[in-house]
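Worksheet: one structure, shown below.
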Amino acid sequence: MQVSVILAHPEKGSFNHAIANTVVRTLRNNGHNIYFHDLYAEKFNPVLLADEIPKKALGQTQ
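Right, here's the structure in full:
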């Protein structure tokens, strides 16, 4: 099975990180393919700017 684990917590030593690491390790040990994303480590920006929305999605043609 392929599993995505997504973590969003700024503290590397947090309980959330410990849980995520345990989940990833356990799933891998049981033969699953894991896609792990630490959104803070990846500097993920959750804000979608208006310029990033395709005009077609807004009903505009020009």
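Numbering (the working numbering), first residue to last: 457 to 518.
In this text, a Cβ means the ideal position worked out from N, Cα and C, and glycines have one as well.
Remember, predicted model here, so these are calculated numbers, not experimental data.
Quiz item: CA-CA distance, R481 and I509?
Solution: Taking the sequence shown and counting its residues from 1, the one referred to as residue 481 is at position 25. Taking the sequence shown and counting its residues from 1, the one referred to as residue 509 is at position 53. Whole-angstrom Cα-Cα distance: 37 Å.
Quiz item: Which term fits A476, buried or exposed, when burial requires 16 or more other beta carbons within 10 angstroms of its beta carbon?
Solution: Counted from its first residue, the sequence shown places residue 476 at position 20. Its Cβ being crowded by 16 or more others within 10 Å, A476 is buried.
Practice problem: Could you pull the start and end residues of the alpha helix (DSSP H) that H473 belongs to? | Solution: Translated into the one-based positions of the sequence shown, residue 473 becomes position 17. Going by DSSP, H473 is part of the alpha helix (DSSP H) stretching over 471-485.
Quiz item: Looking at the unbroken beta strand (DSSP E) that takes in F492, where does it start and where does it end?
Solution: Mapped onto the sequence shown, residue 492 falls at position 36. Its beta strand (DSSP E) spans residues 489-494.
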